[in-house]
Structure formats: C-alpha cells, structure tokens
Amino acid sequence: MKKLTLFVGTIVFTAVVFAGVAPKAQAATITISDSLLAQLVQVLSALQAQVQALQTRSTAVDEDTVMDLIWKKMFHWETFFESLDGFTLSDNPPTLNPYQVIFVTKPVSGNTVYLQKYAAWQGVATLSEKSYFRTSIILPADTVAEGNYTAYITVGNSLSPTGSGFYGFKIMNNALYGVVSKNGVSAEQTVALLQGMTGRVYHLEARYYPGARVSFLVNPSVDAQAPLGEIALMGSLSSGANQTLMTMKLATDDTQQKALQVSYFEYLQRRNVLK
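The numbers in the numbering used here rise by one with no breaks, and the one at position 118 of the sequence shown is 120.
Dropping the structure here:
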C-alpha cells in the first residue's frame, strides 16, 4: 500500500492505491503532472479566497448583531462611589475616600448605616429579567473581632420588613450568606457560603435567573469558579419595575462601633424595554 499526501494551503489530500485484487496490498506509484498540480493549487486558492471573504462578511454581521443586542437588550450600571450625590443615604451616612465607600455605625445598639440607588424613573431596572451583580468588600479587623453586626448588599430593597423583592449577600457575625426574598427581610431565604470571615478582600458575585435560581460566587477568579451556594426560585422575585437598584446596609447589634468597606458595585441585566 502506498500513501501519497499533498499539502496545499490548509487542505490535505491523501491517496491510497491498491494494485489488483490480490490478498496482499502491493505498493504503487502515482505520478501527478506539473500542469495538474498547478490546476489543483489554482482551484484551492480560489476556494480559500471565497472562504476568507465569507468569514469577513460573517464577522461583520456578528459584530453588528452583538452591538445591536447590547444596545437593545442589556442594561449596565457601575459605580466606584466617586460621589454620594444621587444616592439615598441614612441619617448617619457612609463616607468616601479615594478608594471606597465606608459604612461606620454609631456605638448604639441597632444603629444602621445604609446607601441605596433608585432607578424607578427610567423603568429599565427589573427583577423579571436575568441579572448579575458583583462587588468587593473588606470587614475591618476590629469589626471582625467584635462581631454582633448584620450587613446586606443586594439588588432590590433589603431595608423593608415586607413588600420588597431582593437578592444578594447577607453578613452576620462574620458569616456570609446568599439571600433572596419576594417580600422583605421578614420572608428572606438564606444559604450559608462562608464561616469565619477575616479582614481580607472578598469578591462577591450573585447571578439571578428568574424562575430558576440565584447563584452565589465568592472570589470567583481566585479561589473558585463554581458557585458556593444556590437558592432555587419559583417564579420571579418581582414582576414589575425594580425601584431600588442597589441597597447596602450595616447595623450594629451591640454598643460597639462597626465598619464595612466597599470598593465598587457593578450590575448587568437583560432589558425588557426595547425590542
């Protein structure tokens, strides 16, 4: 048996020839004239040019499609807390430095510091569509040592006892939970994610799939790629507009001052406004 292989561009031709019908294959020789080889090269070159032209047109169409989908179907919002203008703040408001927003309670049991972002007027924020958010936080060492505090970082309103849908993260006494609710904090569901939080940076990410689940990731690019926990959902957390795009809250449960640092908040959602 004789195998002849021709490499022309990126296409490989292989010819296998058997002499006669004898039980044992015998070697044979194939001779290709220069003119035939030139014709093959010419045909393949023409095919390659057509393929490249199709790929170029396909890429252009895909780029336009992606741009159109992003513009019409995606809503994105992000803040590095350059200013607190445009946020709704507690009477004891958080403060800023060049790197973060800082929540510090008063040394009074039950004292709460919060920050919220409303997006009701635009009508694009909703809990009826898929959405993701991510953020980075630090618990200062003295807060970790003292415990006795509760914090929320959520999409939706996690201040109200009833009436509001939300999803995100809850921290209570150095334990991190994923949290969801259709009807305020009194009806919340949680899943344990981490115990014994320290003063390190924690990168938090929550992914909301209406009617299916909420997935919670912690340090996804460093420690793990898969969710640390999930909460199953029956239906959406809300069918209308989500008036409270973001809530961040810290409360002390004793007479010691507590603090929480947050560097940014990023939100991505499928729109239901433009078709």
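Just so it is clear, CB atoms sit at the ideal spot from N, CA and C, and this is done for glycine as well.
For Glu148, there is no enclosing beta strand (DSSP E); the enclosing alpha helix (DSSP H) has its first and last residue at 143-148. For the pair Ser160 and Val187, the CB atoms are nearer than the 8 Å cut-off. Taking 8 Å as the cut-off, the Cβ atoms of Asn150 and Asn113 do not count as close. In the assembly as shown, Thr254 is a buried residue. Its beta-carbon has 16 or more other beta-carbons within 10 Å. Within the segment 150-182, the beta strand (DSSP E) runs of at least 3 residues that lie entirely inside it are, in chain order, 151-158, 168-174. Residue burial is scored here from C-beta neighbours: Glu207 has at least 16 other C-beta atoms within 10 angstroms and is therefore classed as buried.
Judged by beta-carbon spacing, Leu117 lies beyond the 8 Å limit of Gly167, meaning their Cβ atoms are not closer than that value. Counting C-beta pairs closer than 8 Å gives fewer than three between the segment 225-238 and the segment 87-103, which falls short of the contact rule. Here Tyr120 is actually not in contact with Thr249; their C-beta atoms are around 10 Å apart, not less than 8 Å. Bounds of any beta strand (DSSP E) do not take in Ala121, whose DSSP letter is neither H nor E.
Taking all protein chains shown into account, Asn99 has fewer than 16 neighbouring C-beta atoms within 10 Å of its C-beta and is therefore exposed. Taking the Cα positions, Val220 is about 21 Å away from Tyr101. In this structure, the CA atom of Gln50 is about 25 Å from the CA atom of Thr33. By the Cβ neighbour-count rule, Pro163 is exposed, with fewer than 16 other Cβ atoms within 10 Å of its own. In terms of Cβ geometry, Tyr211 and Thr81 do not form a close pair [threshold 8 Å]. For the 8 Å CB-CB criterion, Tyr169 and Val126 do not form a contact. The C-alpha of Gln44 is placed about 11 Å away from the C-alpha of Ser37.
The shortest CA-to-CA distance from Asn185 to any of Leu196, Lys172, Gly165, Gln191 is the one to Gly165. In the three-state scheme derived from DSSP, where H, G and I count as helix and E and B as strand, Glu65 is classed as helix.
Ranked by Cα distance from Gln259, the options Ala153, Ser240, Lys108, Gly198 are led by Lys108. With contacts defined as CB atoms closer than 8 Å, Ala261 and Ile104 qualify as a contacting pair. The DSSP-derived three-state label of Ala234 is strand.
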